[in-house]
Structures are given as structure tokens and as C-alpha cells.
Amino acid sequence: MLGTEQSNVLQVNNLQVQVKTKNGASTLVEDINFELKRGEVLGLVGESGCGKTVTSMSILQLLNRKSTSIEGSILLQGRELNGLGEKGMREIRGKDIAFIMQNPMNAFTPVFTIGHQFIETIRSHTKWNKKQATELAIEAMHHVNLPDPVKLLKCYPFQFSGGMLQRVMIAMAACLHPAVIIADEPTTALDVNNQKNVLYHLEKIRAEYGTAILLISHDLGVIAEMADHVAVMKKGRIIEKAGVFQLFDEPRHEYTKKLLNARSKLQFYESAVHLA
Amino acid sequence: MSLLQINEVTHSYGSRTFFNWKDRSKKVLNDISLSIDEGTCLGMLGTSGAGKSTLGKVILGLERPQIGQVLFQGHDIYAADKHIRQKIRRDLQAVFQDSYSSVNPRMTAERIIAEPLENYEKLTAAEQKRTIIELLERVGLSERDLNKYPHQFSGGQLQRINIARAVSLKPKLIVLDESVSSLDMVNQALILGLLKELKEEFGLSYLFITHDIKAAYTLSDKVGVLEKGKLVEIYDSKNQFFTSKHPVVHRMRDSILAEHPRFRTIR
């Protein structure tokens, strides 16, 4: 393995996803190239339907294998994920790559307690017994500031608010210290007061464990707060890739300019911050 | 006289029943008084569960408050006779968050927009069609979309149809209950721009219920803040809101995400 590639935790080269239809293959995303280094946050932005989620699902090989075809290479710590069997992927999902979904309410099974699902995740990837797994779960939930984890583990998902459930999901994603976390619109379903809280915990995990984060969002505020680099997607292609400061200060592509102009501006607020 | 006036409205959900005698009701609106003037937009901010949507329902006449009055153009909407209520319903329209569940999936765009026109206007078929096409074009869609069904539109397009339906009778007040919250940023900006134009064009008033401070800032003339069913304060200008020292407002301002990585606070 080459030295430069070693520092890349995740490397995606020439990714192309096609879906088979009656009228032949239709391309969902193509020519996707990016890499993630340890402790780095890559923001993936674009409007709805541009292929952000398809990209993340193809990394995790979660798309229907019969109807879609994924081409190109997805290297996780030097290991090729594309074409890996279901058994191999199950070992990787949750342990090496964790996935945080947009809607935490739908991401948990309603019929089992949070504790049951949490401990199942831990035990399927480790050789720990139930007691050790419970301890780790409690510690992980403490870490995201959830009050009284012992009690919470006995609760069902519907007993939580969206913000709390998203924090449980972050705790679950982070507890096995994965190399990469893919966060697909982690704050979109939450109300404003919880958004910042969730992002704050994601950042804490990145800072402490050096986890690389692929942050998918259509909200440029989230990107401005979190990302090191940004890739802008449009109609299934990455059209611009730049450092976050460069992208906000000197967007090159017309579409990026359009996205930046679409933000509702709070000029007054910004000047107030400067004065303070 | 203001267009809409609410006097000391209190409303709670869940009341005593024969089998459940203990009073478990929860006050969702507590002694709320406010008014909206003609041609202005009142932004109503609050976290989830603050009672924003209940306030919207009370104003639309969908939820009779236990205490207090809702006066629309001087008429109490819950005490008015049938004739006046019918007139009020025409002048009072709504656009909700979920554009798909606000329309009948079996109707085409044409029939969706035609519904209020059929109920209130006596137009010939040709006139009605022309009005609908004009409305569609006004909200950025075209004649080609007339015969499409809701599932053939994107969320942003369907929200435009909802807006076209709401303005079709040239109402006085539109209640926008989180109307842009489920859209992506590009569409949000476009819809907010459209709402702003329509407001000038038809002299509309809005009650803009949202949890998004930036969106409220774009559209509103005045800003009110709800917290746990109580009206914290109403600010006559956006600047007043942003300089307010009230802890609730302070917390809200703190939750705004940075606009530029220069201002980031998390990392």
C-alpha cells in the first residue's frame, strides 16, 4: 500500500451507480471521486434528488443488489468494499463505518427497547457478554449527555423525542469507534434547538476518536459549522470540491453561487455578532 | 381596526371524561392576545410543542378555544352566523408543512385548484380554466402541469400548488404553518420569495408559523415568540427581536447555525 493512500480512511474512485429499468439502465450518480482522512469532515451538499443519499448508500452497499449496479472502487482503510458479499459488509457496517440516518424515528425497531437494539449492535461485532455490552452502552450514552442511561435503555423508541433519539443513534454509531461515520442529513428532522446539540456531539466524537465524517446535508449552515472540505453535487455528479472557506468565499461554479445565494440572510445578526 | 385580533385565548387538550375523572388536561395556549394588521406578516416562532400549530388551528376556526375570542374583521369567528362564517372562510386560507397530505392524491392539479373556485365563484368552465392557468403561471408552474397528479410533482412544486389554491380566492389572511420547513434550501428560498411577491401583489397578510428563525426573518414584519403555550413577547421589528435580552429569545438566537465558516462556534 502506498503511503499517501494509507492516510485516507475512505477513498472513493469513479463511483457510478446505475439502476436497471424497463427501458435500460439509468444512471443515478457518476464520476464520484473523494477521499476522507482521519478526523476530517467532508460535507456533501446539493438539493433534494441530486444523489447525495445514493452515494452514501452505495458506500455501505445498502442498495438493492438485483436492481442496481455499482461500479468504481470504494476503499475503506485499503480494503475494497465494492463487490464485497453481504456477510463481509455486515461485519463492516456498524463497526468500521457507522451510519446516522435522517429520521431517527424510523431508524429503530419500534418493538424492541433501545437497550436491546444497542446491546445487539455491540455484541454482534465483539465477543463481549451482555453485562460488558450494557456497560459500554451506558458509557456511550453518558458521552452524548443523555440523562439516566440505565433507565433509558429500558425505554422504547416512541418514548423519546426526536433529538434524544438522534443522540442515541450517535452514541450507538460512536461506541465501537468506527473509522468513518456517514451522517445523512443528521439534523434535518430535528427542531432548531436540537440541531446544534446534535452537531456538537458529532464534533466531540470526531475530536476524541479521530473519526472521519461524511456529512450529507442540504443546509449550508450545518456545512459552515462542521466541514473541512465540501463537495457540491448536482444531478448525480460532483461539480465542485473545495475547502470550506474557499467555497464560501470564492465559489467557482455557478450552481454553488446559486446555492450560497439561496441562504436566507441574516445580515443584521452577523453585524451584531461582530459588535459583541 | 386590525384584520385579526385574538383576545385572551386559552386552550387545552384532553379533558375529564366519565371514566377518567382526574383532570389531566394540558394547557397548550395560555392567555394569548395578539393582532395582525392588513398587509403585514406576523412570524410566530417557537420550539416544537410550544403551541404554534394549535394557535394556527384556533385562528383557522378548526379548534374552538375554551376561553377567549378570535375576531376576524371584527366578527367573532366562533360566534358568527353561518353566512358570515362562510365569508370568513373565503378570506382565511392555510398552507401546511406536508404538501402531499394537503392534497387529494386522486385529483389532478387542475381539480385541486378548482375546488375553492367552484365553491365560491360562479365561473364558466372556460373562465375557470383560464384562472387556474393564470394561477399556475403566477406560482412558477405552467399549463402543462394541469393534468398531473400530486405524485408527479416534487415537494416544492406541490407546495406551489397549495399556495396557488390558497390565493385563488384572493383571501385576506393566509396561515402558513411550517410551510417551507420540509423543503430543501433552494426551494425554501424560492417559495419565500414567491410568498413575499404575492403579499405585495394582493395585499395579503400572513401568520407565518415556523421554528426557523432565518425564514421568519426573511418574510416577517413583526415577530412573536411562543414558549410553552405562552406568548413571550411580540417584537414590532426584526431588529427589536435580535436585540432582545429575553432568555428564550437568547436561546433561540444561540441555536442559529453559522452562515459562514468564519462564524462557526461548534468547531
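Chains A and B are the protein sequences, given in the same order.
Using my numbering, read the first sequence as starting at 1 and increasing by one per residue.
Using my numbering, read the second sequence as starting at 1001 and increasing by one per residue.
Don't be surprised by glycine CBs; every beta carbon is placed ideally from N, CA and C.
As the structure is a prediction and not an experimental result, all values here were calculated from the model.
In the structure shown, Asn194(A) falls within a helical segment according to DSSP collapsed to helix, strand and coil.
Taking a C-beta cut-off of 8 angstroms against chain A, the contacting residues of the region 1205-1232 of chain B are His1211, Asp1212, Ile1213, Lys1214, Ala1215, Tyr1217 and Thr1218, listed in chain order. Take the alpha-carbon of Arg1111(B) and the one of Leu1195(B): they are about 22 angstroms apart. In its chain, beyond the 5 residues on either side, Ser1102 and Asp1177 have a beta carbon closer than 6 angstroms to the beta carbon of Phe1096(B). In the structure shown, Ala1215(B) adopts helical secondary structure according to DSSP, grouped into three states. In its chain, beyond the 5 residues on either side, Lys1222 have a beta carbon closer than 6 angstroms to the beta carbon of Asp1236(B). With a cutoff of 7 angstroms on beta-carbon distance, Gly1224(B) and Ile1234(B) are scored as near each other. Inside the region 92-138 of chain A, DSSP marks whole alpha helix (DSSP H) runs of 4 or more residues at positions 104-107 and 114-125, from first to last along the chain. For Gln166(A), the uninterrupted alpha helix (DSSP H) run begins and ends at Gly162 to Ala174, by DSSP.
Bounds of the beta strand (DSSP E) holding Gly243(A) are Arg237 to Gly243.
Buried is the label assigned to Glu1227(B), since at least 16 other Cβ atoms lie within 10 Å of its Cβ.
At a Cβ-Cβ threshold of 7 angstroms, Gln77(A) and Ala179(A) count as neighbours. Around the CB of Asp96(A), 16 or more other CB atoms lie within 10 Å, so the residue is classed as buried. Residues of the region 186-207 of chain A that bring their beta carbon within less than 8 angstroms of a beta carbon in chain B comprise Asp191, Val192, Asn193, Gln195, Lys196, Leu199, Tyr200 and Glu203, in sequence order. Within the region 1173-1184 of chain B, contact with chain A at the beta-carbon level (separation under 7 angstroms) is assigned to Asp1184. Between Ile238(A) and Ile32(A), the C-beta gap is smaller than 7 angstroms, which places the two residues in contact. Selection His1151(B), Arg1144(B), Leu1158(B) and Leu1207(B) evaluated against Lys1172(B) yields Leu1207(B) as nearest (Cα-Cα).
The residues Val17, Leu28 and Val29, in chain order, have a CB closer than 6 angstroms to that of Val54(A) in the same chain once the five nearest residues on each side in sequence are set aside. If you keep only unbroken beta strand (DSSP E) runs of at least 3 residues inside the region 27-100 of chain A, you get 41-45, 68-76 and 97-100.
Between Ile1133(B) and Ala1164(B), the gap from beta carbon to beta carbon reaches 7 angstroms or more. Judged by DSSP in its simplified three-state form, Ile213(A) adopts strand.
Asp1254(B): member of the alpha helix (DSSP H) spanning Pro1247 to Asp1254, first to last residue. For Gln11(A) and Gln195(A), the gap between their C-alpha atoms comes out near 28 angstroms. Contiguous alpha helix (DSSP H) elements confined to the region 1045-1103 of chain B occur at 1052-1060 and 1082-1091, taking only those with 4 or more residues. Between the region 80-88 of chain A and the region 41-54 of chain A, the count of Cβ pairs shorter than 8 angstroms is below three; the stretches do not touch. Under the rule that a run must span 3 or more residues, the beta strand (DSSP E) segments found entirely inside the region 1106-1191 of chain B read 1173-1177.
The C-beta of His1151(B) has fewer than 16 other C-beta atoms within 10 Å across all chains shown, which makes the residue exposed.
Distances from the alpha-carbon of Ile100(A) to those of Gln132(A), His142(A), Lys258(A) and Leu199(A) put Leu199(A) closest. Within 7 angstroms of the CB of Ala262(A), the CB atoms of chain B belong to Met1185, Val1186 and Ala1189, in sequence order along the chain. Per DSSP, reduced to three states, the secondary structure at Asn1007(B) is strand.
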